[in-house]
Amino acid sequence: MVLDYYYILHSAPCRGPMMVAKALGIELNLKKVDLLQKEQLKPEFVAINPQHTVPTLVDGDFTLWESKAIIGYLAGQYGKDDSIYPTDPKKRALVDRFLYYDMGLHETFRAWAHPVMKENALPDPEKKEKLHEAIDKLEQHFKRNSTKFVVGDSVSVADHTLACAITTYRELGVDLTRHPEVEAWLQRCADTMPGYEEICLEGARQMAAKFKPMLSRTK
1 MVLDYYYILH SAPCRGPMMV AKALGIELNL KKVDLLQKEQ LKPEFVAINP
51 QHTVPTLVDG DFTLWESKAI IGYLAGQYGK DDSIYPTDPK KRALVDRFLY
101 YDMGLHETFR AWAHPVMKEN ALPDPEKKEK LHEAIDKLEQ HFKRNSTKFV
151 VGDSVSVADH TLACAITTYR ELGVDLTRHP EVEAWLQRCA DTMPGYEEIC
201 LEGARQMAAK FKPMLSRTK
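If you're matching positions, the sequence shown starts at 1 in the UniProt record's numbering and goes up one per residue.
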């Protein structure tokens, strides 16, 4: 069955489930929703998702939104095994911890970027530094744990979603050389993950084309 997926590529939370679907061999019927044109407020989309958010997944008579929920559903419903989203409670808890970390990371990113992108404010260097501090938590994790990926030596859904986020930050001008372990991990993701260039990197570059000049301004 082909699943309908409402998304916009420059959104990192939209790209995470797309990367998971690619890893699992799931075919998505992609339906772009242009947030800048307020297409999420059109009655036909609100009828599908009354919270008018993307990503939104429609699988037959089942509709789901929220990026992390969609990731869990795809892995549970369509994964041939539990290699990217473990069923063992302890292993899954470790993966979930990084999914939740990604949510906090995204809020720190929003605090820096959204006033600039949505209100044309000048970038706040202190808020950008807070983003570096949040990324450093991942840096310290890799320094403490000599693993190739965030939970062990194989890719999990946590790597998919975090790779989309960190790639976006890098393309928007966040200097990852300050976080060499994270930078090395991201290169491993790029080398390993199916769909990295056409989904993860392409979406980040689309966002950077629109917003990097604004985020590069100084007071």
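Glycine included, every Cβ here is placed at the ideal spot set by N, Cα and C.
Keep in mind the model is a prediction, meaning the values are calculated, not measured.
What are the start and end residues of the beta strand (DSSP E) that includes Asp159? Counting along the chain, Asp159 falls outside any beta strand (DSSP E), though it belongs to the alpha helix (DSSP H) covering Val157 to Glu171.
If I measure Cβ to Cβ from Pro213 and keep anything under 7 Å in the same chain, skipping five residues before and after, which residues do I get? none
Quick check on Tyr33: buried or exposed, where buried means 16 or more other Cβ atoms within 10 Å of its Cβ? Checking the sequence, you will find Val at residue 33 rather than Tyr. Buried is the call here.
With 16 as the cutoff for other CB atoms within 10 Å, does Asp159 come out buried or exposed? buried
Secondary structure at Leu3, three-state DSSP: helix, strand or coil? DSSP places Leu3 in the strand class (E or B) of the three-state scheme.
Counting along the chain, where does the beta strand (DSSP E) carrying Pro87 start and finish? The question names Pro, but residue 87 is Thr in the sequence shown. No beta strand (DSSP E) contains Thr87, which DSSP labels as neither H nor E.
Please identify the residue among Val58, Asp59, Asp61 and Trp65 whose C-alpha is closest to the C-alpha of His52. Trp65
Identify whether Gly16 lies in helix, strand or coil by the three-state DSSP scheme. helix
Taking 9 Å as the cut-off, decide whether the C-beta atoms of His150 and Leu138 are in contact. A quick correction: the sequence has Val, not His, at residue 150. Contact flag set, yes.
Where in the UniProt domain "GST C-terminal" (88 to 211) do unbroken runs of the beta strand (DSSP E), each at least 3 residues long, occur, reported from the N-terminal end onward? If only uninterrupted beta strand (DSSP E) runs of at least 3 residues are considered, none is enclosed by the UniProt domain "GST C-terminal" (88 to 211).
Could you check whether Ala209 and Thr168 sit closer than 9 Å to each other, using their CB atoms as the reference points? no
Residues near Asp153 by beta carbon distance below 7 Å, same chain, minus five either side: Thr147
Starting from Val58 and walking both ways along the beta strand (DSSP E), at which residues does that stretch end? Thr56 to Asp59
Look up Leu36 in the DSSP assignment and say whether it is helix, strand or coil. Of the three classes helix, strand and coil, the one that applies to Leu36 here is helix, per DSSP.
Confirm, please, whether the CB-CB distance from Arg15 to Cys164 is below 9 Å. yes
Please determine whether the Cβ atom of Pro213 lies at a distance below 8 Å from any heavy atom of the ligand GTP. Ligands are entirely absent from the displayed structure, and the ligand GTP is therefore not among its contents.
So, under 8 Å CB-CB, Pro123 and Leu201 are touching, yes? Tell me the CB distance rounded to an integer number of Å. The C-beta separation of Pro123 from Leu201 comes to about 23 Å, leaving the pair out of contact by the 8 Å criterion.
Alpha carbon to alpha carbon, what distance is there between Ala47 and Leu176? 41 Å
Cα-Cα separation, Gln37 to Ile8: 11 Å
Which of the three DSSP states is assigned to Lys80 in this structure? Lys80 falls in the coil class under three-state DSSP.
Rounded to whole angstroms, how far is the Cβ of Thr192 from the Cβ of Val155, which I believe are closer than 8 Å? Correct: roughly 6 Å between the Cβ atoms.
Residues bridged to Leu64 by DSSP? Leu57
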